[in-house]
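Under our numbering, read the sequence shown as residues 124 to 634, first letter to last. Built from N, CA and C at the ideal position, the CB exists for glycine as well. A quick write-up on the structure given underneath.
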Amino acid sequence: MSRQYVTTAIDYANAVPHMGHVMEKIMADTIVRWFRLRGDSVLFQIGMDEHGIKIQETAERQQISPAALVEKMAPIYHNLYERLNISFDRFIRTTDTVMHWPTVIALWNRLRAAGALEKRTYTGYYCLGCERFMTKRDLIDGKCQIHNAAPKEVTEENWFFLLKREGDWLKNLLTKDAGGFRIVPPARAQEVMTLIEQGLEDVSFSRPKTSLSWGIPVPDDPNQVMYVWCDALTNYISGLGLLTDHADLSFWDDAEVTHVIGKDIARFHALIWPAMLKQAGVRTPDRLLMHGFVTNEGQKMSKTIGNVVDPEDVLKRFAGNPDPLRFFLSHEIPVGNDGDFSWKRLEELYDAQLRNKLGNLLNRVLVMLGKMDRRIVVSSDPTWIAGDTVWTQFADALDSFDQWKAIHVIFDWIEESNKFMNDRAPWKVASEEDKHVILSALAENLRHISLMLLPFIPDTAYRISKQLNVPYAQHMLSKDFVITENLKQWGGCPEWQSVGEAEILFAPLTR
Ligand SMILES: [Zn+2]
Numbered sequence: 124m125s126r127q128y129v130t131t132a133i134d135y136a137n138a139v140p141h142m143g144h145v146m147e148k149i150m151a152d153t154i155v156r157w158f159r160l161r162g163d164s165v166l167f168q169i170g171m172d173e174h175g176i177k178i179q180e181t182a183e184r185q186q187i188s189p190a191a192l193v194e195k196m197a198p199i200y201h202n203l204y205e206r207l208n209i210s211f212d213r214f215i216r217t218t219d220t221v222m223h224w225p226t227v228i229a230l231w232n233r234l235r236a237a238g239a240l241e242k243r244t245y246t247g248y249y250c251l252g253c254e255r256f257m258t259k260r261d262l263i264d265g266k267c268q269i270h271n272a273a274p275k276e277v278t279e280e281n282w283f284f285l286l287k288r289e290g291d292w293l294k295n296l297l298t299k300d301a302g303g304f305r306i307v308p309p310a311r312a313q314e315v316m317t318l319i320e321q322g323l324e325d326v327s328f329s330r331p332k333t334s335l336s337w338g339i340p341v342p343d344d345p346n347q348v349m350y351v352w353c354d355a356l357t358n359y360i361s362g363l364g365l366l367t368d369h370a371d372l373s374f375w376d377d378a379e380v381t382h383v384i385g386k387d388i389a390r391f392h393a394l395i396w397p398a399m400l401k402q403a404g405v406r407t408p409d410r411l412l413m414h415g416f417v418t419n420e421g422q423k424m425s426k427t428i429g430n431v432v433d434p435e436d437v438l439k440r441f442a443g444n445p446d447p448l449r450f451f452l453s454h455e456i457p458v459g460n461d462g463d464f465s466w467k468r469l470e471e472l473y474d475a476q477l478r479n480k481l482g483n484l485l486n487r488v489l490v491m492l493g494k495m496d497r498r499i500v501v502s503s504d505p506t507w508i509a510g511d512t513v514w515t516q517f518a519d520a521l522d523s524f525d526q527w528k529a530i531h532v533i534f535d536w537i538e539e540s541n542k543f544m545n546d547r548a549p550w551k552v553a554s555e556e557d558k559h560v561i562l563s564a565l566a567e568n569l570r571h572i573s574l575m576l577l578p579f580i581p582d583t584a585y586r587i588s589k590q591l592n593v594p595y596a597q598h599m600l601s602k603d604f605v606i607t608e609n610l611k612q613w614g615g616c617p618e619w620q621s622v623g624e625a626e627i628l629f630a631p632l633t634r
């Protein structure tokens, strides 16, 4: 059994969650659920990034303390992710002085002892929006590309992390065949390699308390506060207590470590983070799984344009059911690509794929079996379905983090099943026994389909299995449920004798 430690980026607590946050968590959750279903031992961590100047400013505008602001924001994220069925095991917060701070302080001290930190007087260009010093390459016509504003010239004393000298080591780490740090999908790796080839620069690691007060104090230097890197990136190991007396190495040294992040923060995760770990004598992670941005009807979502899609509105549209959104994002956006959110497309897919293709198939099969004696007679005839190859294609896709392909494998098979039903037309078959065999083959197909849907739309998968009345249905949503080799076999659940009542799987949308 292999061990898997999966993390997402921690969310910045200065505003409410948006579609990008949601896509990342759903993508990570799908992989995590697949790991558990194939029998791996998994730890899944998400959390909040709660320090920094923007938090300080947002709190001031709301006339509350930064501490009160983050206390208000954390439950908003936590609660949304629970309703989206994100199956996280741990929720870390960077203001947590018990869980988080001891590892951060220990990491800082190790970096300093290793000679990886240096205090300098520095003059640079600081973008308030980005909350960081910009390099010349970041600027076009002297302006930050993201905020379209000229950064402020600032002179101050900072601790610097010596990243410049790590270029060759990082290049080797990111291109190694075995034991390296892999960027998935590989197409996203080139951007990072280009940054290394252009030459790295040392990184500002602290700021004077006068510029940044809401953060973790630098050990033995009371006038300096840690800047985001050492504070936030360290969440990935502080949740495990690394570098403290309660270190749990079983989900670091003895696990495959996957960080799921957006493409905009790739360079911090692919360059600064592994270099920090190396200098601190901690092994580097295995994989960076990257996603792109979500646009709205082809346009960048922005508060100025006023086209930000609120995930809460999507949940409301489907009466709180998270599965249409989970399905939409996995079905529409290949891992690593940018994708588009469109209400029209979401509702079209809901009707065409979830209601008609999947929901109707289940309903027709159960209603017809319900008019007979509900008995299941799974034929051993191998010509009935494509079972083995479908499972192989599906598992290969998920093992290689191609969720898009995996969900298309399922829905292609659902389409095949619908064709099979129309071709065999059980309603025209005279013999009761022949009818049983055709409808049982379809029910068995649906049993497989519901197992495959578990990583993507877990609640729907459970409801299908419950209606089918398969004996393991009640256990399917628990974290220790495993899809065994037996369950993947055609007729692999011999205890299953009869189907249950048909219920509507997806209600029609009100217009
Ligand atoms: Zn900026």
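Beta strand (DSSP E) segment containing residue i, residue limits
i    : result
D172 : 164-172
F284 : 275-284
L469 : Taken as a continuous stretch (DSSP letters only), L469 belongs to no beta strand (DSSP E), being part of the alpha helix (DSSP H) at 466-472.
R126 : 126-131
M257 : 255-257
V307 : 305-307
R184 : First-last for R184: 176-184, but that is the alpha helix (DSSP H), not the beta strand (DSSP E).
N419 : 417-419
S361 : Here S361 belongs to no beta strand (DSSP E); instead the alpha helix (DSSP H) covers 358-361.
Three-state class that DSSP yields for residue i in the structure shown
i    : result
D522 : helix
F579 : coil
H598 : helix
L412 : strand
N460 : coil
Y585 : helix
M349 : strand
K480 : helix
E379 : strand
D511 : helix
R213 : strand
D371 : coil
S554 : coil
D264 : coil
L272 : Looking at the sequence itself, residue 272 is Ala, so the reference to Leu does not match. The answer is strand: DSSP assigns A272 an E or B state.
E608 : coil
R440 : helix
beta-carbon residue i near ligand 1 non-hydrogen atom, thresh 6 Å
i    : result
G252 : yes
H598 : no
I269 : yes
Residue i, enclosing alpha helix (DSSP H) - first and last residue
i    : result
N202 : 189-206
H454 : 446-455
V145 : 142-160
R235 : 224-236
T317 : 312-321
L400 : 396-403
G290 : 290-298
Contact under 7 Å by Cβ, residue i with residue j
i    : j    : result
M349 : G338 : yes
F464 : N419 : yes
I533 : H454 : no
N281 : Y245 : yes
A403 : E289 : no
I169 : T218 : no
D134 : H141 : no
F450 : I580 : yes
R159 : K589 : no
V227 : T357 : yes
T367 : P578 : no
I395 : W352 : yes
A151 : V129 : yes
F211 : F283 : no
Close-in-space but distant-in-sequence residues of the same chain around residue i (CB under 8 Å, 5 per side omitted)
i    : result
K287 : G322, L323, E324, D325
S425 : V431
P594 : C616, E618, W619
L569 : L484, L485, V488, S540, I587, L591
D377 : R126
Proximal residues to residue i (C-beta, below 6 Å), its chain only, five neighbours per side dropped
i    : result
D461 : G415, F416
D409 : E379, V380
Y473 : P447
I209 : K148, D152
Cβ shell of residue i (< 7 Å), same chain only, five flanking positions each side left out
i    : result
G421 : D463
R390 : V315, L318
H270 : C250, G252, C253
E173 : A136, V193, R216, T217, T218
V552 : K558, I561
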